[in-house]
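Peer 1: I'd like to ask you about the structure that follows.
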Amino acid sequence: METINNQPEPHYWEKMRLVADVLRATDATVVIIAHEDPDGDAVGSTLGLARALRQLGKEVWWIVEPPRFLRFLPHEDEYHEPVDELPEDAVLVVLDSGDRHRAVGAPVEGFVINIDHHGSNSRFGQIHIVDPTKAAAAQMVKDLIDALEVEWTEEIATPVLTGLITDTGNFRFGNTTPEVLETAAELVGHGVKLAELTDRLQWRPPQYFKLMGMVLSTVQFHFDGLAVSAHVTRKMTEEAGSTEEDSDDFVGVIRYAEGSYVAVFLKEREGATKVSIRSRAGVSAQNIAVELGGGGHVPAAGATLEGVSLEEAYPRVLAAVEKELKRAGFLG
Ligand code: AMP
Ligand code: MN
Numbered sequence: 001m002e003t004i005n006n007q008p009e010p011h012y013w014e015k016m017r018l019v020a021d022v023l024r025a026t027d028a029t030v031v032i033i034a035h036e037d038p039d040g041d042a043v044g045s046t047l048g049l050a051r052a053l054r055q056l057g058k059e060v061w062w063i064v065e066p067p068r069f070l071r072f073l074p075h076e077d078e079y080h081e082p083v084d085e086l087p088e089d090a091v092l093v094v095l096d097s098g099d100r101h102r103a104v105g106a107p108v109e110g111f112v113i114n115i116d117h118h119g120s121n122s123r124f125g126q127i128h129i130v131d132p133t134k135a136a137a138a139q140m141v142k143d144l145i146d147a148l149e150v151e152w153t154e155e156i157a158t159p160v161l162t163g164l165i166t167d168t169g170n171f172r173f174g175n176t177t178p179e180v181l182e183t184a185a186e187l188v189g190h191g192v193k194l195a196e197l198t199d200r201l202q203w204r205p206p207q208y209f210k211l212m213g214m215v216l217s218t219v220q221f222h223f224d225g226l227a228v229s230a231h232v233t234r235k236m237t238e239e240a241g242s243t244e245e246d247s248d249d250f251v252g253v254i255r256y257a258e259g260s261y262v263a264v265f266l267k268e269r270e271g272a273t274k275v276s277i278r279s280r281a282g283v284s285a286q287n288i289a290v291e292l293g294g295g296g297h298v299p300a301a302g303a304t305l306e307g308v309s310l311e312e313a314y315p316r317v318l319a320a321v322e323k324e325l326k327r328a329g330f331l332g
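Residue numbers (full-length UniProt numbering): 1 to 332.
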């Protein structure tokens with residue numbers, strides 16, 4: 001089981017300057033990857049860093065495949081296909097990934113720089129900067145770009161702000177610190193078109209709404225309403241003409257069930273079940289995720305149960321939820 005350390009990184013700026021020095025000095029390719037099922041922070045933080053390094057004249061392989069709702073961010077020629085082998089002397093930057101096995105796109109080997117904000121991060125890599133007090137990996141990339149002394153442009157600021165927007169739930173979650181708002185103000189000052197960006201981030205295809213109708217009919221309440229659950233099957237996704245990513249943010253809908261302290265969303269996959277967990281008021285989604293072999297943050301976490309069907313996953317997930325509700329004092 002993973003261990004959790006939610007303390008701030010004690011040598012944050014020292015390490016950030018060290019990473020900036022390494023990246024400035026290298027003549028080799030910089031390969032940038034993030035976690036599987038990349039979200040706005042994974043895509044935005046990596047793309048922002050890739051653009052900043054290209055501005056410094058670096059050869060960069062940006063190996064992240066954005067989900068459909070983020071495909072408007074990169075230009076076509078910016079993307080590099082996943083690789084099985086790194087170029088010689090490459091510097092590998094892994095962003096927003098709790099452990100080396102969650103990172104996809106390239107093998108995590110050679111000189112590895114791990115920059116992340118998950119308390120469950122295993123602190124892998126030659127240099128790791130893990131600060132769970134940061135709202136997003138994008139915040140850390142903002143600091144790294146400052147340390148690199150790259151001149152900010154709208155092109156660089158837009159993906160970075162995207163990471164901040166998505167990981168703070170549009171500046172509504174508890175991780176929305178003064179630092180986040182100040183950084184956002186700065187990035188908007190660098191030319192990001194905020195209204196256009198936030199509007200674009202909410203666009204969804206018609207089949208998304210069809211699928212949501214089906215998913216909402218699976219909503220169930222547990223433990224006298226202290227927890228809420230819903231799920232999506234592969235059949236539902238198929239019937240709606242949807243893809244799996246269309247259900248990525250449904251947990252963000254059911255989390256607002258009044259009186260619920262935990263929301264769990266189960267996604268049926270081939271040979272596995274993916275669980276997304278959200279919590280509030282002293283209940284830790286992170287504890288539930290770690291119990292299930294995953295990880296994340298206190299209010300938002302997840303796990304993938306390999307070899308576990310949807311039916312088998314439900315009792316396991318609910319047992320982990322019950323344990324955490326007891327620990328937090330909501331259940332006797
Ligand atoms: P999700 O439910 O996939 O939106 O994930 C919520 C948060 O938990 C994100 O910060 C994820 O990076 C993290 N997370 C999700 N699944 C895992 C996992 N299997 N291991 C570690 N962190 C995870
Ligand atoms: Mn993140």
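Think of the CB as a built atom: it goes at the ideal place given N, C-alpha and C, for glycine as much as any other residue.
#1: From residue 288 to residue 210, what does the alpha carbon distance come to, in whole angstroms?
#2: Do you know how far the Cα of residue 92 is from the Cα of residue 109?
#3: Could you check how far apart the C-beta atoms of residue 64 and residue 33 are, in whole angstroms? I think they sit under 8 Å.
#4: Does the ligand AMP have a heavy atom nearer than 7 Å to the CB of residue 80?
#5: What does a CB cutoff of less than 6 Å around residue 250 pick up in its chain, not counting 5 residues either side in sequence?
#6: Do you know whose CA, among 73, 87, 68, 129, lies nearest residue 207's CA?
#7: Is residue 120 near the ligand AMP, in the sense that its beta carbon is under 7 Å from a heavy atom of that ligand?
#8: Measuring only from the beta carbon, is residue 37 closer than 7 Å to any heavy atom that is part of the ligand AMP?
#9: From this set, 158, 332, 282, 111, which residue's C-alpha is nearest residue 192's C-alpha?
#10: Are there 16 or more other CB atoms within 10 angstroms of the CB of residue 309, so buried, or fewer, so exposed?
#11: Could you check what DSSP says for residue 143 in three-state terms: helix, strand or coil?
#12: Can you check the UniProt domain "DDH" (30–163) for any beta strand (DSSP E) of at least 3 residues that lies completely inside it and give the ranges in chain order?
#13: Return the chain-ordered ranges of every alpha helix (DSSP H) run that is complete within the stretch 269–317 and spans a minimum of 4 residues.
#14: Here's the rule: buried if 16 or more other CB atoms are within 10 angstroms of the residue's CB, otherwise exposed. What is residue 143?
#15: Quick check on this structure: which residue in 36, 9, 49, 5 has the alpha carbon closest to the alpha carbon of residue 24?
#16: Give the straight-line distance between the Cα atoms of residue 82 and residue 247, rounded to the nearest whole angstrom.
#17: Got a sec: does the ligand AMP put a non-hydrogen atom nearer than 7 Å to the Cβ of residue 279?
#18: Please name the residue in 127, 5, 79 whose C-alpha comes closest to that of residue 21.
#19: Using the Cα positions of residue 161 and residue 183, report the straight-line distance between them to the nearest angstrom.
#20: Would you identify the three-state DSSP class for residue 321, choosing helix, strand or coil?
#21: Specify the secondary structure class of residue 242 as computed by DSSP and reduced to three states.
#22: Is residue 269 near the ligand AMP, in the sense that its beta carbon is under 7 Å from a heavy atom of that ligand?
#23: Keeping to the same chain, check which residues put their C-beta closer than 7 Å to that of residue 318; ignore five residues upstream and five downstream.
#24: Between residue 40 and the rest of its own chain, which residues show a CB-CB distance below 8 Å, the 5 nearest in sequence each way excluded?
#25: Check whether the Cβ of residue 302 sits closer than 7 Å to any heavy atom of the ligand AMP, and report yes or no.
#26: I need the boundaries of the beta strand (DSSP E) containing residue 227, first residue and last residue.
#27: Do you know offhand how far residue 150's Cα is from residue 132's?
#28: Consult DSSP for residue 263 and reduce its assignment to one of helix, strand or coil.
#29: Keeping to the same chain, check which residues put their C-beta closer than 8 Å to that of residue 325; ignore five residues upstream and five downstream.
Peer 2: Based on what the coordinates show:
#1: 30 Å
#2: 8 Å
#3: 7 Å
#4: no
#5: 215, 265
#6: 68
#7: yes
#8: yes
#9: 158
#10: exposed
#11: helix
#12: 30–35, 60–62, 91–95, 111–116, 127–130
#13: 285–291
#14: buried
#15: 49
#16: 24 Å
#17: no
#18: 127
#19: 8 Å
#20: helix
#21: coil
#22: no
#23: 222
#24: 70, 162, 163, 165, 166, 167, 201
#25: yes
#26: 227–232
#27: 25 Å
#28: strand
#29: 223, 226, 227, 261, 262, 283, 331
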